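K.L.:
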Amino acid sequence: MFIDFIARKTSMQKALMTLIAAASLALAALPASAQVVQVQGAWARASVPGQKATGAFMTLTAPAGATLVGVSSPAAGVAEVHEMKMEGDVMKMRALPSLALPAGQAVELKPGGYHVMLLDLKAPLAKDSQVPLTLKLRDAKGAESQLDISVPVSATPPAGGMAGHEHHKH
Ligand SMILES: [Cu+2]
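In my numbering, the protein residues as written are 6 to 175.
#1: So, L126 versus L142, is the Cβ gap smaller than 8 Å?
#2: Straight-line CA distance for R50 to P162?
#3: To the nearest angstrom, report how far apart D94 and P102 are at their CA atoms.
#4: Apply the 10 Å Cβ neighbour rule to G75 and answer buried if 16 or more other Cβ atoms are within range, or exposed otherwise.
#5: Once you ignore the five residues that flank T72 on each side, which residues in its own chain have a CB closer than 6 Å to its CB?
#6: I need the DSSP call for G118, collapsed to helix, strand or coil.
#7: On the DSSP bridge assignment, give the partners of L101 in chain order.
This is the structure we're talking about:
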């Protein structure tokens, strides 16, 4: 299911929301993840009033390998895993049905590449707040789990931009 984000219209968003709502229900009973993935350097880009979408970024490492099969957030009507890349001269975003996390390999979600797209924001994401995000994962044996994380909101990438490298200066 590859969707050209730019071309997508409201009806498509509604269909996706229904799909994602159904998926959330199906996963609701699953236990919390036991370190299927490690999350480092997570941040979400602050949004301004009226802005309906923003991105969240992080580095994911699955020690035994896993697949990111979905995301959700109470702050957004729809959350998707996106890929951004150049096609000719045009930067395009598309939704990915899943993202492979090869064993032991750090997979970076960053501006201009893979990212979590938060769509239909219910309120602006304020700088220095936290936004809850649920990662839906499938481990190497096919078992599904969820990982709830709290993602700091920032106007710019964290200083240094290195995963797991946390320097805060005020
Ligand atoms: Cu996107």
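Each residue gets a CB set at the ideal place from its N, CA and C atoms; glycine is no exception. Nothing here was measured: the structure is a model prediction, and the numbers come from that model.
P.N.:
Reading off the structure:
#1: no
#2: 8 Å
#3: 25 Å
#4: buried
#5: S103, A105 and R143
#6: coil
#7: Answer is none; L101 lacks a bridge partner.
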